[in-house]
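Under my numbering, think of the first position of the sequence shown as 1295, with each following residue one higher.
By construction, the Cβ of each residue, glycine as well, lies at the ideal position given by its N, Cα and C atoms.
Just below is one structure, and these are the notes that go with it.
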Amino acid sequence: MGYFFAVTALTSMIMVVVHDRVPSMETYPPLPDIFLDNVPHIPWAFAMCELAGVLLFVIWVGILVFHRHRFILLRRQFSLFGSVFLLRCVTMLITSLSVPGKHLECRGRQPGDAWQKLQQAFQIWQ
């Protein structure tokens, strides 16, 4: 579990660093998406996605409640989550993509010192 929390702290710091490297939306527009450009917008799709996530979480909690070796399952869960977040750190750091859509307002901040970046990372980590 310590591995998971250390990796989430590292991920929040990487998010602060990557946010300052976001390219300008005027120079680099959002990347085209073949699938989403050809499918009409479905307003209730995001709500159904959230509902599916909640349902999977309820099933996982049910498994944990009734399983004999629930702590082994939790240990594996935190190990997998930590590894996925660590890989996410690497991909965020080495790939500078444009903002995903025009609906998001994302721009670089004024350069700050290391202490301000640590405070921002801690705020994300909370």
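*Measure the C-alpha to C-alpha separation of S1390 and L1350 and round it to an integer number of angstroms.*
Indexing the sequence shown from 1 puts residue 1390 at position 96. Indexing the sequence shown from 1 puts residue 1350 at position 56. Answer to the nearest angstrom: the Cα atoms are 32 angstroms apart.
*Measure the C-alpha to C-alpha separation of L1412 and L1367 and round it to an integer number of angstroms.*
Taking the sequence shown and counting its residues from 1, one reaches residue 1412 at position 118. Taking the sequence shown and counting its residues from 1, one reaches residue 1367 at position 73. Roughly 33 angstroms separates the two Cα atoms.
*Could you have a look at M1386 and say whether DSSP puts it in helix, strand or coil?*
Walking along the sequence shown from the start, residue 1386 turns up at place 92. It is helical.
*Mark C1383 as exposed unless 16 or more other C-beta atoms lie within 10 angstroms of its C-beta, in which case mark it buried.*
In the sequence shown, the residue the question calls residue 1383 occupies position 89. C1383 is buried by the Cβ-count criterion.
_Please list the terminal residues of the continuous alpha helix (DSSP H) segment that includes M1307._
Counted from its first residue, the sequence shown places residue 1307 at position 13. It spans 1296–1313 - the alpha helix (DSSP H) in which M1307 sits, taken as one unbroken run.
*Counting only the same chain and skipping the five closest in sequence on each side, list residues whose C-beta sits under 6 angstroms from that of L1381.*
The residue you call residue 1381 lines up with position 87 of the sequence shown. Correct list: empty, nothing qualifies.
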